[in-house]
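One structure is given here, and the rest of the page talks about it.
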Amino acid sequence: MPHLVLLFTPDLERDADIGAVCRDLADTMLEQRDEQGKAVFPKGGTRVLAYPAAYSAVADGKGDYGFCYANLRMGSGRSSLVHKQVGDALLAILRRHFDSVLAQRPVGVTLQIDEGTGQVYDAKHSSLHPLFAKG
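Residue numbers (the numbering used here): 3 to 137.
Below is the structure:
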């Protein structure tokens with residue numbers, strides 16, 4: 003963790019480079035620092051995944067409506083200041099990529115951040131973390 007998942011109406015792919023959106027979001031996540039200057043997210047655990055919706059219905063269906071839902075799920079323990087800082091930084095990236103589309107037609111963009119405080123099972127299996135371990 004953290005995992006940032008984007009679900010979007012497929013029409014957004016014609017207007018935005020979704021791969022570039024993902025890379026910019028991941029880079030922004032990796033740039034985040036807490037109040038002590040420590041990285042908020044681990045390199046090996048940071049993932050941004052994007053999925054076009056196979057089916058969707060947006061608003062009343064009478065227009066060329068698009069939508070992007072971004073959900074960041076991260077472990078608990080970070081301050082409200084970090085939550086806001088991360089949210090503002092990620093929203094700035096989403097706006098940079100989608101504002102020109104929003105200016106042309108109705109498109110909604112939502113970003114939510116959830117913490118995994120109520121997890122009952124959390125397993126990880128990865129060969130990524132050792133690549134970035136200090137030691």
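Quick reminder that beta carbons are idealized off the backbone N, C-alpha and C, glycines included.
In whole angstroms, give me the CA-to-CA distance for residue i and residue j.
i	j	result
Leu51	Val111	16 angstroms
Cys70	Ile20	11 angstroms
Gly39	Val84	11 angstroms
Phe134	Asp29	15 angstroms
Gly65	Asp17	16 angstroms
Phe10	Pro132	32 angstroms
Lys45	Leu32	7 angstroms
Asp12	Arg107	One point to set straight first is that residue 12 is Pro, not Asp, in the sequence displayed. Approximately 15 angstroms, taken between the alpha carbons.
Gln34	Gly63	38 angstroms
Leu113	His99	14 angstroms
Ile115	Ser82	11 angstroms
Lys86	Arg75	14 angstroms
Please say whether residue j and residue i have beta carbons closer to each other than 9 angstroms?
i	j	result
Gly79	Glu37	no
Leu96	Ala72	yes
Val109	Gly77	no
Val23	Val88	no
Tyr53	Leu14	no
Between which residues of its own chain and residue i is the CB-CB distance below 7 angstroms, once the five residues before and five after are set aside?
i	result
Leu27	Leu6, Val50, Leu92 and Ile95
Asp90	none
For residue i, collect the residues of the same chain with a Cβ closer than 6 angstroms to its Cβ; drop the 5 residues on either side in sequence, then sort them by chain order.
i	result
Val60	Tyr67 and Phe69
Taking only runs that begin and end inside the region 88-118, name each unbroken beta strand (DSSP E) of 3 or more residues, in chain order. 109-117
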